[in-house]
Amino acid sequence: MNRRGQLFTLLLLVALSAGAGACIARGWYAVSLVPVAAAVIAACRLLSRQNRTMQDLRGFVNAIKFEEFNISFRRSVECGLDAEIGAKLEEALAILGEKTRQKEGRLNFYDLLLNRVDFAIVCVDREERVTWINKAAVNMVGRLRALSDFSPALRASIRELATGEVKTVTLPGERGGKDVAVSVANAYIRGDELRIISLKNIRPIIEQTESEAWRKLVSILRHEIMNSMAPIISLAETFSTPDTELDPALIHKTMQTIHRRGKGLVEFVRNYKQLTDISAPRLAPFRVREMLEDITVLLEARGIRFTYRVHPADLVIKADRVQIEQVLINLVKNAWEAAERAEHPLVNVAADLDNFQRPRIAVSDNGEGILPDASERLFIPFFTTKKNGSGIGLSVCKQIVGAHGGSITVASVPNEGSCFTIRL
Ligand code: ADP
């Protein structure tokens, strides 16, 4: 029964009731039975139609509830449901079904993506319960339920870490365990505060870097030792031949060469010791401005001039002051040597806090800049482009800054200058 049919039945019901009323008023009781009976039949039809509509609506609601979006209302239409309403209900279900499928597709995509990456990802809520964990994390730490199930070192690091910070933690396990880089990000999802923890096994990278460092070191040692020993051996060989004429001038020159090469080797070993003897930093708070004032006096005595800017002026950092001084002296000295040939040599030190409120000190100059092929080797021990350079200054800087848990980076433009930045 469509809407028009319903309206007709309703009007008929009213008319029949009025007719029945009129018959009763005139005392035609027997005649009044006809409109009364017809009115009862019309009312029953209307009621049954009402029930049918309620049934169809319940079917529609259940279809949404149980996500059965391919339900047809054809039978309902055959049984009297308005064809237009039936079509609209089917259309609504089809749209809902398509949207749900799209949403599921997106969810599956992200689920697949996050389970395929070789980064371990764990989400914990405010009560430190694990709310989500990807496959890589399950493989790395197991299927854990709460932060309290993590190893003590990892747990402590996660609690201490601020957003954007990265820490290395050794997880217990076979072959000395795993070295894992841990970082944490905070997110608010559906009103819940979540901590997203990412873990990356960096042991393979460390091993690769270590073997690379060994290879470089062996090649440096070989180069330095051979440079000194080869002339000594060859000269000693010449003089150990019995029939060699012992010209005093030649002996003198030879001895000078042997002395120079021997001294060079001793110097190299001394420098090497300087590189390996860096002690663990003793951290204490100090004012950056005061340290820079002291360095100014120290370097001016050696003819090195630089300007500095500290923001905020009373910036205090917690570090090993002696070691950071050593780093800045090296950097300013290098900057001065690079800028010395410029018309107006400029060396500036700028100290401030970066976006993560971490102390940052940048040493910039308007010198010759760094050649592209040299920039990759700057921090390698004994790399130098200077005639009398030792090539250990920047290696020492890198070690000290690394021991503070910081980083040192360089940016340079040939013939315009360089800027070395340390972040602590
Ligand atoms: P050294 O100063 O004894 O050479 P370093 O380790 O301090 O040793 O520096 C290594 C090399 O890095 C230098 O020889 C130079 O080529 C390059 N370098 C360092 N600082 C600068 C700078 N500010 N500008 C240009 N080159 C630089």
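To convert, count from 1 in the sequence shown and add 411; that's the working numbering. Glycine residues also receive a C-beta, built at the ideal position from the N, C-alpha and C atoms.
Legend entry - Three-state class that DSSP yields for C808 in the structure shown: Here C808 sits in helix by DSSP.
Legend entry - Start-to-end residues for the beta strand (DSSP E) that takes in I772: Counted as a single uninterrupted DSSP element, the beta strand (DSSP E) harbouring I772 occupies residues P770 to D776.
Inset, instruction - State the Cα-Cα distance for the pair A453 and L504, rounded to the nearest angstrom. - result: Within the model, the alpha-carbon separation for A453 versus L504 is close to 33 Å.
Legend entry - beta-carbon D776 near the ligand ADP non-hydrogen atom, thresh 8 Å: Answer for D776: yes, Cβ within range of the ligand ADP.
Legend entry - Option in N745, S690, V699 and L782 with minimal Cα separation from G813: Comparing Cα-Cα distances from G813 to each of N745, S690, V699 and L782, the minimum goes to S690.
Inset, instruction - For N759, write down the residues that DSSP places opposite it in a beta bridge. - result: According to DSSP, which records beta bridges pairwise, N759 is partnered with T718 and S775.
Inset, instruction - Can you have a look at M637 and say buried or exposed, based on whether 16 or more other CB atoms are within 10 angstroms of its CB? - result: Counting the other CB atoms within 10 Å of its CB gives M637 a total below 16, which places it among the exposed residues.
Inset, instruction - Just the C-alpha distance for Q536 and Q810, rounded to the nearest angstrom, thanks. - result: Note that residue 536 is Asp in the sequence shown here, rather than Gln. Whole-angstrom Cα-Cα distance: 38 Å.
Inset, instruction - Pull up the distance between the alpha-carbon of V680 and that of L632, whole angstroms please. - result: Cα-Cα distance, rounded: 10 Å.
Legend entry - Residue closest to F697, alpha-carbon to alpha-carbon, out of A647, I728 and V821: For the set A647, I728 and V821, the Cα lying nearest the Cα of F697 is the one of I728.
Legend entry - Distance between A592 and L686 (C-alpha atoms, nearest Å): Cα-Cα distance, rounded: 26 Å.
Inset, instruction - Rounded to whole angstroms, what's the CA-CA distance from P756 to G778? Just pull it up for me. - result: Rounded to the nearest angstrom, the two C-alpha atoms are 7 Å apart.
Inset, instruction - Give the straight-line distance between the Cα atoms of I803 and D560, rounded to the nearest whole angstrom. - result: Taking the CA atoms as reference points, I803 sits about 45 Å from D560.
Inset, instruction - Could you tell me which of V580, R460 and A548 sits nearest to V528, measuring between CA atoms? - result: Out of V580, R460 and A548, A548 has the C-alpha closest to the C-alpha of V528.
Inset, instruction - Indicate the three-state DSSP secondary structure (helix, strand or coil) for K611 in the structure shown. - result: If DSSP states are grouped into helix, strand and coil, K611 belongs with the strands.
Inset, instruction - Return the CA-CA distance between G432 and V451, expressed in angstroms with no decimal places. - result: If I take the Cα positions, the gap works out to 14 Å.
Inset, instruction - Using three-state DSSP, classify K798 as helix, strand or coil. - result: Shown here, K798 sits in coil according to DSSP, grouped into three states, outside any helix or strand.
Legend entry - Beta-carbon proximity check, N745 vs F831, cutoff 9 Å: A contact, by the Cβ cut-off of 9 Å.
Legend entry - Among R752, R570 and I532, the one whose alpha carbon lies nearest that of V552: For the options R752, R570 and I532, the alpha carbon positioned closest to that of V552 is the one of I532.
Inset, instruction - Using a threshold of 9 Å, state whether the C-beta atoms of I781 and S818 are closer than that. - result: The answer is no: Cβ separation not under 9 Å.
Inset, instruction - May I ask you to check if the CB of G813 is nearer than 8 Å to at least one heavy atom of the ligand ADP? - result: Flag unset: Cβ of G813 not near the ligand ADP.
Inset, instruction - Work out the CA separation of E678 and N799 for me, nearest whole Å. - result: Going from the Cα of N799 to the Cα of E678 covers about 12 Å.
Inset, instruction - Return the first residue and the last residue of the beta strand (DSSP E) that L582 is part of. - result: Residues V577 to L582.
Inset, instruction - Would you give the residue range spanned by the alpha helix (DSSP H) that C455 belongs to? - result: Note, C455: alpha helix (DSSP H), Y440 to K476.
Legend entry - the stretch 784-801 contacting the stretch 695-713, beta-carbon criterion three pairs below 8 Å: With the cut-off at 8 Å, the stretch 784-801 and the stretch 695-713 do not touch.
Inset, instruction - May I ask whether a heavy atom of the ligand ADP can be found less than 8 Å away from the beta carbon of K684? - result: No, since every heavy atom of the ligand ADP falls outside the 8 Å radius drawn around the Cβ of K684.
Inset, instruction - May I ask you to check if the CB of K546 is nearer than 8 Å to at least one heavy atom of the ligand MN? - result: With respect to the ligand MN, the structure shown offers nothing to examine, as its ligands consist of the ligand ADP.
Legend entry - Element boundaries [beta strand (DSSP E), containing G828]: That run of the beta strand (DSSP E) goes G828 to R834.
Inset, instruction - Go through its chain and collect everything with a Cβ distance to A773's Cβ below 6 Å, but skip five positions before and after it. - result: In its chain, beyond the 5 residues on either side, A761, C830 and T832 have a beta carbon closer than 6 Å to the beta carbon of A773.
Inset, instruction - Name the residue from G497, F480, A494 and K578 whose alpha carbon lies nearest to the alpha carbon of G508. - result: Just measuring C-alpha positions, the residue of G497, F480, A494 and K578 sitting nearest G508 is F480.
Inset, instruction - Give the range of the alpha helix (DSSP H) segment to which R681 is assigned. - result: From DSSP, the alpha helix (DSSP H) with R681 extends over P659 to T687.
Legend entry - Cα-Cα separation between S806 and R716, rounded to whole angstroms: Cα-Cα distance, rounded: 23 Å.
Legend entry - Beta-bridge partners of L597, as assigned by DSSP: Note that residue 597 is Asn in the sequence shown, not Leu. In the DSSP output, where bridge partners are listed per residue, N597 has R606.
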